[in-house]
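Numbering (the numbering used here), first residue to last: 2 to 451. A virtual CB, placed ideally from N, CA and C, is assigned to each residue, including glycine. Just so we're clear, the structure is a prediction, and the values are computed from it rather than from any experiment. Here the structure is laid out as structure tokens; the discussion comes afterwards.
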């Protein structure tokens, strides 16, 4: 009988290599791009239609318009109502979702290869001929307003919106893509139709497809359904972000009687594809991007003040926000904020240890092949390269570029983006309890919740 040594963990197996199918890039006469690859493992096809209809090109007083328009694409097209659209999807065994962010809106379908034609019919109808009936717009808009109002009662939502306003001001990134209840309540069917007509255009669209289908046949099917989509491209330029300057104060949104506080520290980060993108990815993993990061180990494991503390760099076409966030018991609000600032400063002063570098690099690279296992995962990742104009070798060389980051590069990136002078601190909590302790960081500015 074989004896298994259980006194030490087993050695990890060999690292899996990243295997990507070969994508062909084509373009229809109306300017619509087609990016397609064949993968024969299963009789399925994943489709992602990317349109230049993101919230980042809208003024802040139109926050929520892109998201609401995307939501309405599932509520009727070419005279076919929402219920019948759902029935058609069930009949062909397909799924259909629409997601809208700051950069683009993406219409996603997953279908069997045998029902690809019907799925493309559905997709073409949804993007080109949505009904936007007055009654449906009113119903969905009110549902969205009610949804936002529920969120606005949540301290985490109030913290997220308040920090964006403080960091970005009137820039489109100064509002959540879902918008506010007041602004969404002002949107009507005419506004929705106008936005759709000016942004859902083939010159700014790209269809990404992967699955069990010959590329020549796919192009023929796509051309027959989308070549009549008119012409033109939207003005989707996102305004440049203005360098922020943090103030020696803490913004405080009062939530009387709150038993815990939401803490945020944030500033302007980087755009996707920036020259120091991989330095920042490693920086973020060490600071707060994974469970065993410095910030989480300090606030959760050592102090026992929170269930979790995280950091993110939201990389968009223009420089998105850096955010450090956590929630703690009201009594330790000021102390927790002090520890957060201390960890941010330490990133700029101390070289990461070899163990920290190893854990961060492994977290970013060893799981990468698993993100390309299904056709839906592959199309999702290729959508990123299309959206941000990334080079074709971005994913094949991703791990090598992460591994090439050294500790000094991490410190230099920290000094660029984590300087206290660039950062804003915000707390949502009971002002009667936390305002005075927070004064150790400067003036406490009471900020109205929006």
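For residue i, the residue or residues it bridges with in DSSP
i, result
"residue 319", "BP columns for residue 319 are empty, so no partner."
"residue 196", "BP columns for residue 196 are empty, so no partner."
"residue 28", "34"
"residue 253", "428 and 447"
"residue 209", "36 and 49"
"residue 101", "106"
"residue 131", "78"
"residue 326", "265 and 311"
"residue 113", "45"
Exposed unless 16 or more other CB atoms sit within 10 angstroms - verdict on residue i
i, result
"residue 401", "exposed"
"residue 267", "buried"
"residue 287", "buried"
"residue 317", "buried"
"residue 290", "buried"
"residue 20", "exposed"
"residue 229", "exposed"
"residue 95", "buried"
"residue 160", "buried"
"residue 198", "exposed"
"residue 390", "exposed"
"residue 352", "exposed"
"residue 233", "exposed"
"residue 243", "exposed"
"residue 8", "exposed"
"residue 235", "buried"
"residue 219", "buried"
"residue 43", "exposed"
"residue 327", "buried"
"residue 5", "exposed"
"residue 231", "exposed"
"residue 292", "exposed"
"residue 344", "buried"
"residue 162", "buried"
"residue 170", "exposed"
"residue 203", "buried"
Proximal residues to residue i (C-beta, below 6 angstroms), its chain only, five neighbours per side dropped
i, result
"residue 366", "400 and 403"
"residue 321", "270 and 315"
"residue 52", "106, 201 and 206"
"residue 250", "443, 444 and 446"
"residue 130", "78 and 79"
"residue 277", "414"
"residue 456", "In the structure as shown, the chain begins at 2 and stops at 451. Residue 456 is therefore absent and cannot be evaluated."
"residue 24", "36 and 38"
"residue 438", "335"
Spatial neighbours of residue i in its chain, beta-carbon cut-off 7 angstroms, leaving aside the 5 residues before and after
i, result
"residue 158", "152"
"residue 372", "378 and 382"
"residue 410", "280"
"residue 183", "none"
"residue 256", "156, 429, 430 and 431"
"residue 167", "252, 425 and 427"
"residue 282", "365 and 403"
Proximal residues to residue i (C-beta, below 8 angstroms), its chain only, five neighbours per side dropped
i, result
"residue 173", "56, 57, 58, 59, 60, 61, 64, 103, 239 and 240"
"residue 45", "111, 112, 113, 114, 212, 213 and 376"
"residue 405", "279"
"residue 329", "261, 262, 264, 300, 306, 307 and 337"
"residue 435", "253, 262, 331, 334, 335 and 428"
"residue 34", "26, 27, 28, 206, 207, 208 and 387"
"residue 258", "431"
"residue 346", "419 and 421"
"residue 397", "19 and 21"
"residue 14", "none"
"residue 348", "284, 287, 288, 295, 411, 412, 415 and 419"
CB contact below 8 angstroms: residue i versus chain C
i, result
"residue 343", "You won't find chain C in this structure, because it holds only one protein chain."
Proximity test, residue i beta-carbon vs the ligand COA heavy atom, cut-off 7 angstroms
i, result
"residue 283", "With respect to the ligand COA, the structure offers nothing, as it holds no ligand at all."
Next on the checklist: Whether or not the segment 121 to 134 and the segment 221 to 233 are in contact is what I'm after, with contact meaning three or more pairs of Cβ atoms, one per stretch, closer than 8 angstroms; do they touch?
Outcome noted: yes
Next on the checklist: Across the segment 132 to 140 and the segment 60 to 67, are there enough close Cβ pairs to call them in contact, namely three or more that are closer than 8 angstroms?
Outcome noted: no
Checklist entry - For the segment 44 to 97, which segments carrying the alpha helix (DSSP H) assignment without a break, of at least 4 residues, lie completely within its bounds, in sequence order? => result 66 to 73 and 83 to 93
Checklist entry - How do the segment 430 to 438 and the segment 290 to 310 stand: do at least 3 beta-carbon pairs fall below 8 angstroms, yes or no? => result no
Checklist entry - Quick one: any contact between the segment 27 to 40 and the segment 76 to 93, if contact means 3 or more CB pairs under 8 angstroms? => result no
Checklist entry - Taking the runs of the alpha helix (DSSP H) that are 4 residues or longer, which of them lie wholly in the segment 130 to 164? => result 135 to 153
Next on the checklist: Could you tell me which whole alpha helix (DSSP H) segments of length 4 or greater appear in the segment 265 to 292?
Outcome noted: 278 to 285
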